[in-house]
Amino acid sequence: MTLSDAPVVTPDAVGMPQTEFDFELPFGYVDPAGTVHRTGTMRVATARDELGALGDLRVKENPAYLTVVLLAAVISRLGTLRQAHADIVAGMRVADVAYLQEMYERINGVPGVEGRSAGGRLGES
1 MTLSDAPVVT PDAVGMPQTE FDFELPFGYV DPAGTVHRTG TMRVATARDE
51 LGALGDLRVK ENPAYLTVVL LAAVISRLGT LRQAHADIVA GMRVADVAYL
101 QEMYERINGV PGVEGRSAGG RLGES
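Note that full-length UniProt numbering has the sequence shown beginning at 1, numbered continuously upward.
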């Protein structure tokens with residue numbers, strides 16, 4: 001699935017908005033055992049996710065780390081891994097992180113505002 005094929009948050013058949021979205025990374029995260037993890041699930045972010053990331057000491061020391069911490073908070077599954085913590089996201093290829101950033105912005109966007117989350121572009125403070 002390409003990112004342009006990724007769905008935006010829309011109500012399902014019973015009128016409830018979709019809160020989790022599957023993805024396939026262009027390259028995938030390679031774990032220490034050599035296993036490549038390409039497929040995963042990202043959930044819609046909450047205000048707590050964004051506030052928690054802004055309060056993270058790593059982000060305070062290096063604001064560019066916001067993207068890593070925030071993506072780690074909303075990736076609920078990556079391959080056989082139950083969660084992708086910040087070290088996993090930081091170890092991904094730049095193309096995979098860019099893909100996830102764009103997906104984050106798409107699924108957390110305000111209706112009618114293409115490509116932006118409620119709090120602005122991912123990684124901007």
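The C-beta atom is built at its ideal place from N, Cα and C for all residues, glycine as well.
Just to confirm my understanding: we take residue i, look at its own chain, exclude 5 residues before and 5 after, and list those with CB closer than 6 Å. What are they?
i, result
"G28", "V36, H37 and R38"
"R77", "G40 and T41"
Could you confirm whether any beta carbon from chain D is found closer than 9 Å to the beta carbon of residue i?
i, result
"G109", "No chain D appears in this structure, which consists of one protein chain only."
Which residues mark the beginning and the end of the alpha helix (DSSP H) in which residue i is found?
i, result
"T41", "Counting along the chain, T41 falls outside any alpha helix (DSSP H), though it belongs to the beta strand (DSSP E) covering V36 to R43."
"R106", "V94 to I107"
"L78", "Premise fails: L78 lies in the beta strand (DSSP E), I75 to L78, not in any alpha helix (DSSP H)."
Just reading off the beta strand (DSSP E) that residue i is part of, what are its end residues?
i, result
"D22", "E20 to V30"
Note down, in chain order, each residue of its chain lying with its Cβ closer than 7 Å to the Cβ of residue i, except the 5 sequence neighbours on either side.
i, result
"V68", "A86, V89 and A90"
Return the CA-CA distance between residue i and residue j, expressed in angstroms with no decimal places.
i, j, result
"V74", "A33", "24 Å"
"A53", "F23", "22 Å"
"V94", "P26", "10 Å"
Per DSSP, residue i forms a beta bridge with which residues?
i, result
"L81", "L78"
Grab me the residues of residue i's own chain with a C-beta within less than 8 Å of its C-beta, minus the 5 sequence neighbours each way, in chain order.
i, result
"Y99", "L3, F23, L25 and P26"
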